[in-house]
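Residue numbers (my numbering), protein chains in the order written: chain A, 1 to 187; chain B, 1001 to 1187.
2 protein chains.
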Amino acid sequence: MKHPLREHIEEIIAVTDDEFDFILGHFSPLQKRRHQFLVEEGKIADKEYWVVKGCVKSYFFDEEGKEHILQFGMENWWITDYESFVTQTPSKIYIDCLEDSELLYITHENREKLTSQMHKMERFWAKKSKFGRIALQNRILSLLKNSAKERYNVLLAQYPQLFQRVPKKLIAAYLGVSRETLSRLND
Amino acid sequence: MKHPLREHIEEIIAVTDDEFDFILGHFSPLQKRRHQFLVEEGKIADKEYWVVKGCVKSYFFDEEGKEHILQFGMENWWITDYESFVTQTPSKIYIDCLEDSELLYITHENREKLTSQMHKMERFWAKKSKFGRIALQNRILSLLKNSAKERYNVLLAQYPQLFQRVPKKLIAAYLGVSRETLSRLND
């Protein structure tokens, strides 16, 4: 059976056995319990995470202490604070686990090594980054353009499994609505 | 004197004369007058643009016909509808020129050719894409977290030249506030 990370990479670019061994050598496994942190505000996010199994969220608090969700991450998703990771400056956000989670991580240093030595992996992450950028652009369009009901429907259509795995109040925090509004949308 | 695109690329990665000639061979020059379109809603954005001289904006209309600005672009900025460009599907946004503009563009096909043949350019755009993603993430954080006054101050600090070159009503459309609110922020 193929390693799940290899299956994931090969959705974009084929790699040989040797190449995959070389790639995997740059990653480390990590187990985290529910509520444990991957990234904390004020600290440098030095690792990018790939979710093997589990569910995580990135989020921040506004000045009134209200939680806003930036992104959820489940199996096969990449997550970190990309600003902190890329620029190696303190993070503005938190990432923690919504479920006990099994992860692979790559350090900033190892990712630089791997991408500079291996065009295929530069290409893989370039493509992933493009799709990440598209998702963020659509989030902005949606925040500026759509009603709460429309944002709810888009999220439900894209990620139906989220609604099974994530508490309602976090769905509300992602959509930027109150839990009461969410209950009405839910009907 | 070095070509401005070469100077721009070499902020990230050094290239030889031959490499730069090869790169430049994938681009074409384009002159556009004020108000002319680079990208139109419903059409596929098949080109990525680099602004040699001038000023452009990407924007869309909400259901009430209100204009929202996604991004401005000035000298040395890259712009297209990345969702349409990457997935080759019809665009959801418009991009037009705020000033008479001089551009270089690369087609989707040429960009694929260039990046697959030349690791350095894959690396260049991967880095650019990372920074584009960071800008979008900060835009989301700012939309969810900050007051209009704070968003105004951030924009002014980052891009003071925008306030000289772009009409006030467009700054308001970027910040998501009315022109009246903007006048008060301006005081």
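Cβ atoms here follow ideal geometry from the backbone N, Cα and C, with glycine treated the same way. Bear in mind that the values here come from a model prediction, so they are computed numbers and not experimental data.
- Bounds of any alpha helix (DSSP H) do not take in K1032/B; it lies within the beta strand (DSSP E) bounded by S1028 to K1032.
- Chain order gives the chain B residues near W125/A as A1126, where near means a beta carbon separation below 7 Å.
- Checking the DSSP bridge columns, you'll see F1061/B partnered with E1067/B.
- Interface criterion not met: the Cβ of I95/A is under 8 Å from no Cβ in chain B.
- Only those residues of the stretch 1003 to 1018 of chain B whose C-beta falls short of 8 Å from the nearest C-beta of chain A would be listed, and there are none.
- The alpha helix (DSSP H) runs lying completely inside the stretch 143 to 187 of chain A and spanning 4 residues or more are 148 to 158, 162 to 165, 168 to 175 and 179 to 185, given in chain order.
- Using a Cβ-Cβ cut-off of 8 Å, V1039/B does not count as an interface residue toward chain A, since no Cβ of chain A sits closer than that to its own.
- Only buried fits D81/A, as 16 or more other CB atoms lie within 10 angstroms of its CB.
- Closer than 8 Å at the C-beta level to chain A, one finds these residues of the stretch 1128 to 1140 of chain B: S1129, K1130, F1131, G1132, R1133, I1134, L1136, Q1137, N1138, R1139 and I1140.
- For S1091/B, same chain residues with a beta-carbon under 8 Å away, outside a window of 5 residues either side, are V1039, E1040, E1041, G1042, K1043, I1044, A1045, D1081, E1083 and S1084 in chain order.
- At a Cβ-Cβ threshold of 8 Å, R1165/B and D1100/B do not count as neighbours.
- Contacts with chain A at 8 Å (Cβ-Cβ) include Y1082/B.
- Exclusion of the five residues before and after W77/A leaves V51 as the residues of its chain whose Cβ lies within less than 7 Å of its Cβ.
- With contacts defined as CB atoms closer than 8 Å, F27/A and I95/A fail to qualify as a contacting pair.
- Per DSSP, S1129/B has no beta bridge partner at all.
- Per the C-alpha coordinates, the member of S1142/B, K1047/B and L1114/B positioned closest to Q1088/B is K1047/B.
- Excluding five sequence positions before and after R1123/B, the CB atoms of its chain that fall closer than 8 Å to its own CB belong to I1012 and I1013, given in chain order.
- Per DSSP, the continuous alpha helix (DSSP H) segment holding L24/A begins and ends at D17 to L24.
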